[in-house]
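For the sequence shown, position 247 matches number 247 in the working numbering, and the numbering has no gaps at all. Beta carbons: idealized from backbone N, C-alpha and C, even for Gly. Notes follow once the structure below has been shown.
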Amino acid sequence: GRRGGPVADELTAAGATFTPGDRRDTAVLRDLLRPGADLLVDTVGLTRDDARQLLPFLEDVGSTVFVSSKAVYADEQGRHANSLDKPVFGGAVTELQPTVAAGDGDPTGRDGYGAAKVAAEQVLLDHGAPVTVVRPSKVYGVGIGRPREWFVVRRALDGRERILLADHGRSVDHTTAASGIGSLVRLVADAPDRRILNVADDTAPSVLEIVRTIAGHLDHPFDEVLLDADAPAFVGTTPWTTPTPFVLDTTAARSLGWEPPVFATAVRPELDWLVETAHAVPVGSDVPWADDPFWDRLFDYGPEDAALALLSLSRD
Numbered sequence: 001g002r003r004g005g006p007v008a009d010e011l012t013a014a015g016a017t018f019t020p021g022d023r024r025d026t027a028v029l030r031d032l033l034r035p036g037a038d039l040l041v042d043t044v045g046l047t048r049d050d051a052r053q054l055l056p057f058l059e060d061v062g063s064t065v066f067v068s069s070k071a072v073y074a075d076e077q078g079r080h081a082n083s084l085d086k087p088v089f090g091g092a093v094t095e096l097q098p099t100v101a102a103g104d105g106d107p108t109g110r111d112g113y114g115a116a117k118v119a120a121e122q123v124l125l126d127h128g129a130p131v132t133v134v135r136p137s138k139v140y141g142v143g144i145g146r147p148r149e150w151f152v153v154r155r156a157l158d159g160r161e162r163i164l165l166a167d168h169g170r171s172v173d174h175t176t177a178a179s180g181i182g183s184l185v186r187l188v189a190d191a192p193d194r195r196i197l198n199v200a201d202d203t204a205p206s207v208l209e210i211v212r213t214i215a216g217h218l219d220h221p222f223d224e225v226l227l228d229a230d231a232p233a234f235v236g237t238t239p240w241t242t243p244t245p246f247v248l249d250t251t252a253a254r255s256l257g258w259e260p261p262v263f264a265t266a267v268r269p270e271l272d273w274l275v276e277t278a279h280a281v282p283v284g285s286d287v288p289w290a291d292d293p294f295w296d297r298l299f300d301y302g303p304e305d306a307a308l309a310l311l312s313l314s315r316d
């Protein structure tokens with residue numbers, strides 16, 4: 001990692017060795033991987049060049065795991081998770097679903113991320129070494145940099161009594177527990193091979209199910225306001241809101257003996273961490289992830305209150 005921190009301290013206490021450095025620093029990689037390794041897990045690699053940096057060392061690694069993303073998948077019209085027009089799939093997406101074309105464009109751009117991941121996947125799989133590519137969706141877990149569950153947790157901490165959900169809270173965008181990725185990595189480490197595996201929770205909860213799960217754990221039931229299609233723009237939008245379902249088929253991983261986590265159980269440690277982190281923040285400060293532009297408008301309660309007022313008037 002580029003720097004230490006609570007996660008590094010915890011791992012070190014458990015017997016790991018932490019080396020400060022940048023994943024893209026060739027000298028750092030050479031020093032770490034030249035002696036070989038039983039298992040290499042790359043959670044940072046994104047581009048074709050990132051993947052090429054690993055090639056000189058793969059023959060001396062027992063098993064390599066590259067963490068990719070469900071953003072690589074495209075529907076028949078070429079639409080993907082990050083496109084303006086969202087993809088439409090006929091059912092759960094398997095590893096055989098076509099992907100976006102490999103590319104070397106801006107990986108931080110809307111169309112560049114999935115293309116960059118595909119390019120990196122291809123470089124590693126074409127090498128011939130035992131590389132497992134895993135493709136998660138909407139990852140959550142303790143210490144994550146963008147905790148989507150904060151959308152609900154903060155509302156509970158702010159004392160919000162009502163929560164507005166677009167499309168009656170029926171949106172489905174598969175969730176993936178970080179612990180599930182970890183257990184799958186542990187499994188494939190003992191069975192190295194060249195393959196691609198989807199990794200996601202046991203079932204794909206709807207937005208309404210996610211909200212109820214989090215609210216139940218926090219003992220903060222909300223008055224759920226389920227909005228219709230004519231609701232004001234952006235009101236009721238959540239980090240899991242999508243116009244069409246995006247569900248990953250995990251049959252291939254299950255066939256190896258992997259047991260996917262259940263969201264309602266696996267999310268609890270992260271929820272406790274979010275609450276503890278929020279309570280530990282000094283007065284006048286904010287949580288570490290607050291500056292992420294991802295949260296823009298998601299906590300703008302003004303439009304929500306205005307919509308509630310309109311709904312109340314229309315009912316009267």
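- Comparing C-alpha distances from Leu208 to each of Tyr301, Phe151, Asp50 and Arg52 shows the shortest one belongs to Phe151.
- Contact annotation, Pro205 with Thr175: C-beta distance approximately 6 Å; criterion of less than 8 Å satisfied.
- The DSSP-derived three-state label of Thr241 is coil.
- Secondary structure note for Val152: its alpha helix (DSSP H) is the uninterrupted segment Trp150 to Leu157.
- Here DSSP, grouped into helix, strand and coil, assigns Thr19 to coil.
- Judged by DSSP in its simplified three-state form, Arg162 adopts strand.
- In the same chain as Ile181, and ignoring 5 residues on each side of it, the C-beta atoms closer than 8 Å to its own belong to Val67, Val134, Pro136, Val139 and Val199, in chain order.
- Annotation: the continuous beta strand (DSSP E) that includes Glu224 extends over Asp223 to Leu226.
- In this structure, the straight-line span from the alpha carbon of Leu55 to that of Ala156 is close to 47 Å.
- In this structure the region 77-95 does not lie against the region 211-226, because fewer than three pairs of beta carbons, one per stretch, are closer than 8 Å.
- The region 40-49 and the region 7-21 do not touch, with fewer than three beta-carbon pairs separated by less than 8 Å.
- Assigned with DSSP and collapsed to three states, Thr251 falls in helix.
- By the C-beta criterion, the region 178-192 is judged not to be in contact with the region 104-124, since fewer than 3 inter-stretch pairs fall below 8 Å.
- Beta bridge pairing from DSSP links Asp42 with Phe66.
- About 7 Å separates the beta carbon of Trp240 from that of Arg148, a gap short enough to meet the 8 Å contact definition.
- Note: Arg135 is bridge-paired with Asn198 in the DSSP secondary-structure output.
- Annotation: the continuous alpha helix (DSSP H) that includes Thr277 extends over Arg268 to Ala280.
- Taking a cut-off of 8 Å on C-beta distances, the region 110-129 touches the region 57-75, as three or more cross pairs fall below it.
- Contact annotation: the region 226-234 does not touch the region 76-87, with fewer than three C-beta pairs closer than 8 Å.
- Here Phe294 carries a helix assignment [DSSP, helix/strand/coil].
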